[in-house]
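Quick notes on the structure that follows.
Residue numbers (the working numbering): 5 to 332.
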């Protein structure tokens with residue numbers, strides 16, 4: 005990769021869902037991209053360079069990505085290891101950004117708002133740490149604020165809903181459309197309740213906008229609205245996309261309400277069941293994010309986003325990769 009005066013970014017965890025989307029979006033926008041991951045990366049776009057330096061080796065990583073003006077933190081530890089790994093890994097990412105003098109870009113989520121989150125989420129919505137993962141998220145953002153106040157690190161949080169599109173490991177492929185070819189869709193909550201979703205290619209482009217923004221605040225927060233969909237609208241979108249791609253079931257579609265009681269029953273003994281059960285309230289509480297971004301961008305139309313999502317489900321690698329992924 006030839007070095008020019010183009011802006012540059014380091015993407016940490018570049019083989020995850022968000023990481024891959026971020027690499028593509030920044031490269032398409034003309035940024036030089038360092039893509040850090042633990043495994044080989046054979047399909048990087050033009051303008052991107054792979055870094056196989058471990059995240060824990062913060063000094064070596066900062067040296068390898070010298071000149072990066074932004075660091076996208078796309079590392080996501082296994083859901084069952086959040087209490088042990090989430091904050092330590094994020095601190096390593098912060099340390100890399102500090103060493104580079106770069107702005108640290110963190111994907112936020114709605115966990116901060118607690119079990120009784122309101123239907124409309126704004127930058128002023130109170131944060132309530134009444135779940136373990138919510139408390140961890142609040143602690144992470146508090147540390148970013150503390151480092152900013154101490155003049156050590158500039159950072160921006162971009163909050164969004166559940167991911168879809170852009171690779172396996174989401175509620176779509178792990179649960180909702182897991183049996184799409186058989187004509188069965190399983191939804192985790194009431195079909196009339198609105199739920200916040202983020203189409204990953206759109207979210208990645210929003211990260212580019214945040215990184216390019218002439219931000220003067222040492223700690224900034226933004227929100228990505230994405231698509232707010234009832235369960236019924238989401239399932240209709242999946243059905244339409246599947247039928248357009250020749251996947252209409254011969255016997256018609258079957259839609260089921262996913263049962264939570266087996267997950268709750270297993271929670272005391274099965275770590276993944278415990279972690280998923282803790283966040284079950286998100287499917288019963290209506291919620292949407294009020295968008296606050298440096299610039300307005302039109303979202304990918306739902307039909308096109310669903311078409312891309314269903315097409316990705318047909319890739320042979322999806323089932324194997326999804327089996328290794330945690331719900332987000």
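Even glycine gets a Cβ: it sits at the ideal position worked out from N, Cα and C.
Beta-carbon separation (whole angstroms), residue i vs residue j, contact threshold 8 Å
| i | j | result |
| --- | --- | --- |
| residue 241 | residue 162 | The Cβ separation is near 24 Å, so there is no contact. |
| residue 46 | residue 31 | Contact flag wrong, Cβ pair sits at about 15 Å. |
| residue 36 | residue 56 | That pair is no contact at about 18 Å. |
| residue 115 | residue 97 | So it is not a contact: roughly 18 Å between Cβ atoms. |
| residue 117 | residue 77 | No, residue 117 and residue 77 are not in contact; Cβ-Cβ is about 21 Å, not under 8 Å. |
| residue 235 | residue 195 | 4 Å |
| residue 174 | residue 168 | 5 Å |
| residue 207 | residue 164 | 5 Å |
Helix, strand or coil at residue i [DSSP, three-state]
| i | result |
| --- | --- |
| residue 329 | Since pLDDT at residue 329 reaches only 38, below the 50 mark, its modelled position is unreliable, and no value is offered. |
| residue 244 | helix |
| residue 310 | helix |
| residue 184 | helix |
| residue 177 | helix |
| residue 87 | helix |
| residue 123 | coil |
| residue 15 | strand |
| residue 204 | helix |
| residue 47 | coil |
| residue 99 | helix |
| residue 301 | coil |
| residue 4 | In the structure displayed, the chain extends from 5 to 332; residue 4 sits before or after that span and is not available. |
| residue 138 | helix |
| residue 210 | helix |
| residue 70 | coil |
| residue 196 | coil |
| residue 319 | coil |
| residue 27 | helix |
| residue 133 | coil |
| residue 32 | helix |
| residue 289 | coil |
| residue 64 | helix |
| residue 92 | helix |
| residue 281 | helix |
Beta-bridge pairing of residue i - partner residues as DSSP gives them
| i | result |
| --- | --- |
| residue 53 | 38 |
| residue 109 | 76 and 160 |
| residue 296 | 227 |
| residue 191 | 261 |
| residue 166 | 201 |
Exposure label - residue i; buried when at least 16 CB within 10 Å
| i | result |
| --- | --- |
| residue 113 | buried |
| residue 279 | buried |
| residue 151 | buried |
| residue 126 | exposed |
| residue 111 | buried |
| residue 28 | buried |
| residue 238 | buried |
| residue 124 | exposed |
| residue 226 | buried |
| residue 153 | exposed |
| residue 38 | buried |
| residue 61 | exposed |
| residue 256 | exposed |
| residue 80 | buried |
| residue 34 | exposed |
| residue 201 | buried |
| residue 26 | buried |
| residue 220 | exposed |
| residue 99 | buried |
> Which full runs of the alpha helix (DSSP H) of 4+ residues lie inside the stretch 212 to 279, going along the chain?
Replying inline: The stretch 212 to 279 contains these whole alpha helix (DSSP H) runs: 235 to 248 and 265 to 270.
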